[in-house]
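Participant: Chains as they are written, first to last, in this note's numbering: chain A, 1 to 95; chain B, 1 to 266.
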Amino acid sequence: MNNSEWPLWEVFIRSKQGLDHKHVGSLHAADAAMAVQNARDVYTRRLEGVSIWVVESKHIHASNPDEAAEFFDPAADKVYRHPTFYDVPDSIKHM
Amino acid sequence: MAATQSEIPTAPAAAPAANPLFPLVLQLADTSLILAHRLSEWCGHGPVLEQDLALANIALDLLGEARSYYQYAAELEGQGRTEDDLAYLRSAVEYRNPLLVEQPNGDFAHTIVRQFLFDNFHYHLLKELQSGPDARLAAIAEKSVKEAAYHLKWSSEWLIRLGDGTPESRQHLDKAIATLWRFAGELTTPTALETNLQELGLLPEYAALLPAMQAHAAHVLAEATVPLPAAPFAQQGGKSGRHSEHLGYLLAELQYLQRTYPGLTW
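(1) Which word fits residue 42/B, buried or exposed, when buried means at least 16 other C-beta atoms lie within 10 angstroms of its C-beta?
(2) When you check each C-beta in the region 39-58 of chain B against every C-beta of chain A, which residues fall closer than 7 Å?
(3) Could you have a look at residue 248/B and say whether DSSP puts it in helix, strand or coil?
(4) Looking at C-beta atoms only, is the number of pairs between the region 244-261 of chain B and the region 19-26 of chain B that lie closer than 8 Å three or more?
(5) Using a Cβ-Cβ cut-off of less than 9 Å, give me the residues of the region 134-157 of chain B that come near chain A, in sequence order.
(6) Within the 7 Å Cβ cut-off, does residue 47/A reach chain B?
(7) Quick check on residue 163/B: does DSSP put it in helix, strand or coil?
(8) Could you check if residue 238/B is buried or exposed, using at least 16 other CB atoms within 10 Å of its CB as the buried criterion?
(9) Compute every distance between the C-beta of residue 160/B and the non-hydrogen atoms of the ligand FMN, then say whether any falls below 6 Å.
(10) Since residue 120/B and residue 213/B should fall inside the 8 Å C-beta cutoff, what is the C-beta to C-beta distance between them, to a whole number of angstroms?
(11) At a CB-CB cut-off below 7 Å, which residues of chain C make contact with residue 28/A?
(12) Tell me, please, which residues DSSP counts as bridged to residue 26/A.
(13) Using a Cβ-Cβ cutoff of less than 8 Å, which residues in the same chain neighbour residue 3/B once the five nearest sequence positions on both sides are dropped?
(14) Return helix, strand or coil for residue 266/B, following the three-state DSSP convention.
(15) CB-CB under 6 Å to residue 56/B, same chain, minus the five flanking residues each way: which ones, in chain order?
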């Protein structure tokens, strides 16, 4: 209906204490308070979360897909940047 | 065939003394079920997707609460009727929901005002019921009061937005308040049954709920820049089985499947 008059918000949900907030989707709302409530109703109906962040989509600045080649391809042949060349002692778990 | 004296049916043997909680639990069940059904009518018709889901969430909360009450009522009655029998196989005059919850959805503002009036009562009632003497009712109230707290937050915020929004939203809200405020009084006006249960200590005194309810309503209406409506004549009857014509149509849809295919299950 008048959906286009309400700004778009991106929703981030923390599923458990200690984990990061993860982007789960977007929704329309008139302001931040409504966005948090809408996020609760749309994205946490099945016990998905313990915390909600919302950010108006216009505040998110993204890299340009047209620049993907110069942005990301140069990293492709620089395997030495991965820490896999170090010997990890057996006593160190979860690396 | 000429009837002889012996064939005239005599009064049935006196039924076992009914548990006084049974009609109360049934009334609570009917109230939540009818409002849940009304809200479910919004499914797919909400003004925006987000509110369509919010309305469906609230409907499902109330339906879950109604089920708990119906199951308990069936046990209290002890006549072999199930929760489904109580929900689907009674006639309109047997329903004990207040008139407010059977009122049609109208527009979104109408639904919000109906919800606000109900939530403001429902939340404050459950808050008291959860520390009541009946353990089962207290447990249902304890689970439902968190849901009701969110419902009240939701309907309060929408009432504020509609009142303090655009001239058009305000006009819809004013109309809804003018239509529905008269149904609020029934919620807190005890029937003979409720008075009896209040004297037994099984139901909170409604007069004791009023100060908190009125304070919340005054706060929300002030935020919405809406003047507090004068207390109109309270339209009553639903809790005694005297309903508006709307309930019959609602039940026709609600009960259609069980009436047409008795005993049908998934």
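Think of the CB as a built atom: it goes at the ideal place given N, C-alpha and C, for glycine as much as any other residue. From a predicted model like this one, the values you see are computed outputs, not experimental measurements.
Facilitator: From the atom records:
(1) As a working mapping, residue 42/B is identified with position 42 in the second sequence. With 16 or more other Cβ atoms within 10 Å, it is buried.
(2) 47, 48, 50, 53, 54, 57
(3) Here the question's residue 248/B lines up with position 248 in the second sequence. Three-state DSSP puts residue 248/B in a helix.
(4) no
(5) 150, 153, 154, 157
(6) Along the first sequence, one-based indexing puts residue 47/A at 47. It does not: the Cβ of residue 47/A has no partner Cβ on chain B nearer than 7 Å.
(7) Position 163 of the second sequence, counting from 1, holds the residue named residue 163/B. DSSP places residue 163/B in helix when its eight states are reduced to three.
(8) On the second sequence, residue 238/B is found 238 positions in, with the first residue counted as 1. Buried is the call here.
(9) Absence of the ligand FMN is noted for the structure shown, with no ligands found whatsoever.
(10) Here residue 120/B refers to the residue found at position 120 when the second sequence is read from its first residue. Here residue 213/B refers to the residue found at position 213 when the second sequence is read from its first residue. Yes, residue 120/B and residue 213/B are in contact; Cβ-Cβ is about 5 Å, under 8 Å.
(11) Reference to chain C is not applicable here, since the protein chains of this structure are A and B.
(12) What you label residue 26/A is simply residue 26 of the first sequence in a count that begins at 1. DSSP output for residue 26/A lists 10/A as bridge partner(s).
(13) The residue given as residue 3/B occupies position 3 in the second sequence. Because the pLDDT at residue 3/B is just 45, under 50, the model does not fix this residue reliably, and the value given afterwards should be weighed accordingly. Here the set comprises nothing.
(14) For the purposes of this step, residue 266/B is taken as residue 266 along the second sequence, with counting starting at 1. Correct three-state label for residue 266/B: coil.
(15) As a position in the second sequence, residue 56/B is number 56, starting the count at 1. Closer than 6 Å at the Cβ level, and outside the excluded window around residue 56/B, lie 43.
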